[in-house]
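Numbering (this note's numbering), first residue to last: 13 to 119.
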């Protein structure tokens, strides 16, 4: 039962267009909340809520510096890494990503 819950949580996190955009941006390079908010055009609290969902699903993690919290793609296990790799490849094929992503799909 726990495995089904884990898989459900991952796919729920991936089911939102804003979170897919965040994943696309984090695949290029790590970002802080303020950068993501400026790029995507949503408020920092909204972006923070999306980041929380992605973190809880094990898709991203963060590091705290003196002034910022930096988020990066960091799948917590091989299953999530495979899903992300396939997702980013499909996004690339569908022209949903920038050319910067061509250089980085490895975790």
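Glycine is no exception: its CB is placed at the ideal position from the N, C-alpha and C atoms. Please read all numbers here as calculations on a predicted model, not as lab measurements.
Return yes when the Cβ of residue j is within less than 8 Å of the Cβ of residue i, no when it is not.
i          : j           : result
residue 39 : residue 100 : yes
residue 63 : residue 72  : yes
residue 69 : residue 34  : no
Which one of the options has the shortest CA to CA distance from residue i?
i          : options        : result
residue 15 : 98, 92 and 73  : 92
residue 82 : 53, 43 and 88  : 43
residue 60 : 88, 30 and 86  : 30
residue 79 : 45, 97 and 55  : 45
residue 85 : 41, 104 and 77 : 41
Quickly, what does DSSP pair residue i with across the bridge? List them, please.
i          : result
residue 83 : 43 and 74
Beta strand (DSSP E) runs contained entirely in the region 55–79, provided each spans 3 or more residues: 72–76
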